[in-house]
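Trainee: Under our numbering, residues 10 to 304 are what the sequence shown spells out, in order. Sending over a structure as structure tokens; questions will come in a sec.
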Amino acid sequence: MNSKIWYDGELVEWSAAHAHVMTHTLHYGSGAFEGIRFYNTTHGRAVFRLVDHIKRFFYSMSVLRMECKWSDEKLLDAVGQVVRSFPAKEGYVRPIAFYGEGMGLVPKSQPHIVIGAWEWGAYLGKECVAVQVAKKTRISPNITDPRAKLTGNYLNSILACFSIDRERFDEAILLDHRGYVAEGPGENICAVKDGTLLVPTSDSILPGITRATIMTLAKEEGINVVEKPMRLEELMACDEVFFCGTAVEVCAIGKIGGAVIGDGKMGELTALLKKRYLDEVRGQGKHEEWLYVVD
Ligand code: PMP
Numbered sequence: 010m011n012s013k014i015w016y017d018g019e020l021v022e023w024s025a026a027h028a029h030v031m032t033h034t035l036h037y038g039s040g041a042f043e044g045i046r047f048y049n050t051t052h053g054r055a056v057f058r059l060v061d062h063i064k065r066f067f068y069s070m071s072v073l074r075m076e077c078k079w080s081d082e083k084l085l086d087a088v089g090q091v092v093r094s095f096p097a098k099e100g101y102v103r104p105i106a107f108y109g110e111g112m113g114l115v116p117k118s119q120p121h122i123v124i125g126a127w128e129w130g131a132y133l134g135k136e137c138v139a140v141q142v143a144k145k146t147r148i149s150p151n152i153t154d155p156r157a158k159l160t161g162n163y164l165n166s167i168l169a170c171f172s173i174d175r176e177r178f179d180e181a182i183l184l185d186h187r188g189y190v191a192e193g194p195g196e197n198i199c200a201v202k203d204g205t206l207l208v209p210t211s212d213s214i215l216p217g218i219t220r221a222t223i224m225t226l227a228k229e230e231g232i233n234v235v236e237k238p239m240r241l242e243e244l245m246a247c248d249e250v251f252f253c254g255t256a257v258e259v260c261a262i263g264k265i266g267g268a269v270i271g272d273g274k275m276g277e278l279t280a281l282l283k284k285r286y287l288d289e290v291r292g293q294g295k296h297e298e299w300l301y302v303v304d
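Here is the structure:
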């Protein structure tokens, strides 16, 4: 089951949404995109934190010097149209801006914008995962822009995934160019030590919307939140470690390489924050302003 595709202002069938093989973005990784979820909430189907995702989408486009023909309101409305064209109760929405035909590194035309949706269940498929430190370092600000969600940045993530032993580990984690903890290939990392939520900072991460959500929810729960650069050794000595991101939602990390974290299962604060997060995305929390209700 797939949605219709919003393609430069028109809704077209999924099967008709093509791009030419000589598309600039296919050759050079010059695309800007988003990953967003919509949920079946008590208010109807709603896209979670859509305004924030669209804001980041505009930032990512600006890094690639893309001029978007549509306003942010128009793109919010376009996401609504795509979700309404799609009967599933919950799913994943993917806007992408890409440069079309025209070779040579500096793009010569303005981008196309498409938005589609599909059903996407639990990203890592487990409540608690084992991770291994990748052999690849996370891209740094003097390589590309890690704060932008650019298609080319994900080559770093893909090679990091390839570099781990997938028989024994579920996901990679990447260190930054200074050796500090950065993030997963498609998710941020948080930790808990002595009841404090520790959020690794780095100039090399994608500042996740879920990460910001988790920090807000933790503060509301009266949990002390500390953002700081963290070494791998410090992360491994934490009582709880977890991933957070739109696709993965909240997923405990029970093992980093050979080291067991806590008792190797989802910890108490992780479970609490996961519950608070899942309540919010389904409209059972306090933050109605995070929901973009589509029907
Ligand atoms: N880091 C990377 C590299 C990601 O791809 C994602 C997913 N967009 C995240 C972190 C988490 O970001 P968000 O919570 O905004 O989905």
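A virtual CB, placed ideally from N, CA and C, is assigned to each residue, including glycine.
With a threshold of 6 Å (Cβ to nearest heavy atom), would ILE152 be considered close to the ligand PMP?
Mentor: Because no heavy atom of the ligand PMP lies under 6 Å away, the Cβ of ILE152 does not count as near it: no.
Trainee: Across which residues does DSSP place ARG54 in a beta bridge pair?
Mentor: Its beta-bridge partners are ASN49.
Trainee: Taking only runs of the alpha helix (DSSP H) that begin and end inside the region 133-187, which ones reach a length of at least 4 residues, in chain order?
Mentor: Segments of the alpha helix (DSSP H) lying fully in the region 133-187: 163-171.
Trainee: Using the rule of at least 16 other Cβ atoms within 10 Å of the residue's Cβ for burial, across every protein chain shown, is THR32 buried or exposed?
Mentor: It counts as buried.
Trainee: Could you have a look at VAL303 and say whether DSSP puts it in helix, strand or coil?
Mentor: In the structure shown, VAL303 sits in coil (DSSP, three-state: anything other than H, G, I, E or B).
Trainee: Roughly how many angstroms lie between the CA atoms of ILE223 and VAL30, to the nearest whole one?
Mentor: Going from the Cα of ILE223 to the Cα of VAL30 covers about 40 Å.
Trainee: Between the Cα of VAL142 and the Cα atoms of VAL234, GLY193, PHE252, which residue gives the shortest distance?
Mentor: Checking every option, the nearest Cα to that of VAL142 belongs to GLY193.
Trainee: Nearest-angstrom Cα distance between SER86 and ILE63?
Mentor: The amino acid occupying residue 86 in the given sequence is Asp; Ser does not appear at that position. Computed Cα separation, rounded: 11 Å.
Trainee: Just to confirm, is the Cβ distance from ARG285 to LEU226 under 7 Å?
Mentor: Yes, Cβ-Cβ distance for ARG285 and LEU226 is below 7 Å.
Trainee: How would you call MET275, buried or exposed, if buried means at least 16 neighbouring beta carbons within 10 angstroms?
Mentor: By the 10 Å Cβ count, MET275 comes out buried.
Trainee: Using DSSP's beta-bridge definition, name the partner residues of ASN2.
Mentor: Residue 2 falls outside the range modelled here, since the chain spans only 10 to 304, and no answer is possible.
Trainee: Could you give the distance in angstroms between the alpha-carbon of ALA268 and the alpha-carbon of ALA221?
Mentor: Spanning the two alpha carbons is a distance of roughly 27 Å.
Trainee: How long is the line joining the alpha carbons of VAL56 and ILE45, rounded to whole angstroms?
Mentor: Looking at the two C-alpha atoms, the distance is approximately 7 Å.
Trainee: Looking at chain B, is there any beta carbon in it that lies within less than 7 Å of the beta carbon of GLU176?
Mentor: The displayed structure is made up of one protein chain only, and chain B is not part of it.
Trainee: Whole angstroms is fine: what's the gap from LYS202's alpha carbon to GLY111's?
Mentor: Each residue's alpha carbon lies about 52 Å from the other.
Trainee: Please indicate yes or no: does the CB of THR219 lie closer than 6 Å to some heavy atom of the ligand PMP?
Mentor: THR219 Cβ: within cutoff of the ligand PMP.
Trainee: Can you give the beta carbon distance from THR160 to ILE218, rounded, assuming they're within the 8 Å contact cut?
Mentor: 19 Å between Cβ atoms; not a contact.
Trainee: For the ligand PMP, any of its heavy atoms closer than 6 Å to the Cβ of THR255?
Mentor: Yes - the ligand PMP has a heavy atom lying nearer than 6 Å to the Cβ of THR255.
Trainee: With a Cβ-Cβ cutoff of 7 Å, do VAL140 and ILE265 count as a contact?
Mentor: Yes.
Trainee: Mark ARG65 as exposed unless 16 or more other C-beta atoms lie within 10 angstroms of its C-beta, in which case mark it buried.
Mentor: It is buried - the Cβ of ARG65 has at least 16 other Cβ atoms within 10 Å.
Trainee: Pick helix, strand or coil for ILE218, following the three-state DSSP scheme.
Mentor: If DSSP states are grouped into helix, strand and coil, ILE218 belongs with the helices.
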